[in-house]
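Quick note on our numbering: the sequence shown kicks off at 14 and runs consecutively.
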Amino acid sequence: MFGLVGYLMADFAIACVVTVVVAMFRPIKQQDDWKAWKVIVGSMIVVGVIPYGYVEVMTKINGQKLAPGVQSALDEAEIQGKLQFFKVIWANEKMAHVIAVSTDQNEFGMPERMIMEIDLKPGKKEWEADAYSIISSFKRQRDATTMPPYW
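As C-alpha cells, then:
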C-alpha cells in the first residue's frame, strides 16, 4: 500500500512539473479562464497509466514464451499456491525481468498474495529462471513493493 502512495506522490510531482512547463509556454497576452487543475489531472492520468501500459504490451508480446520459466521459479521457491498472474517488466533476447503474483498459505493457514521478482535467461528449449527474490510475503517475512505497484 505504501508503494502505491509513493507512486501516486511521484505521479503528482511529475504532473505539477508538466503543468508548470505548459504554463510557461502559454502566450502572455492570452486572457482566458485557464484551469491548471485540468492539466494536473490529465497529466497524472497519462503519467500514471504509461508504465502499466508498457508492462501490458511487454507481457502480451513475451508472456507465452516466458511462462515456463516463471513456473519453474515458483517451483524452485517452493510456493504451495497457484500462480495468479505475471507481468513482464522488460525483456530482450538475452534476459527478461518479470513480476509474478501467486497465492500461498501463511503460517496460520490463511491465504496470502505473494509477489516475486524473477530474472529469466533463455535456455536450450525454453526460458529458465536465473535468479528470483521474494518481494512481499507475510510467511517469508518480506515486505517491499514493486514499481509500478502490483498486489
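C-beta: ideal position from N, C-alpha, C; glycine also.
Bear in mind that the values here come from a model prediction, so they are computed numbers and not experimental data.
- Task: Decide if the segment 51-63 is in contact with the segment 74-89; the criterion is three or more beta carbon pairs, one per stretch, under 8 Å apart.
- Result: no
- Could you check which residue in K48, A26, L79 has the C-alpha nearest to that of G136? Counting from one through the sequence shown, the residue named residue 136 turns up at place 123. With distances taken between Cα atoms, G136 lies closest to L79.
- My guess is that N119 and K152 are in contact by the Cβ rule of under 8 Å, so how many angstroms apart are they, rounded? Taking the sequence shown and counting its residues from 1, one reaches residue 119 at position 106. Taking the sequence shown and counting its residues from 1, one reaches residue 152 at position 139. Between K152 and N119 the Cβ distance is about 4 Å, and since that is below 8 Å, they are a contact.
- Mind checking which residues open and close the beta strand (DSSP E) that includes M129? If you number the sequence shown from 1, residue 129 lands on position 116. Segment 124-135, the beta strand (DSSP E) holding M129.
- Message: As a quick exercise: from Y145, D46, H110, V33, pick the residue whose alpha carbon is nearest that of A90.
- Response: Walking along the sequence shown from the start, residue 90 turns up at place 77. It is Y145 whose Cα lies nearest to the Cα of A90.
- F25 to S56 span [Cα, whole Å]: What you label residue 25 is simply residue 12 of the sequence shown in a count that begins at 1. What you label residue 56 is simply residue 43 of the sequence shown in a count that begins at 1. Going by the C-alpha atoms only, they are around 8 Å apart.
- Task: State the start and end residues of the unbroken beta strand (DSSP E) segment that holds A90.
- Result: On the sequence shown, position 77 is the one that residue 90 refers to. Element bounds for A90: n/a, residue is neither H nor E.
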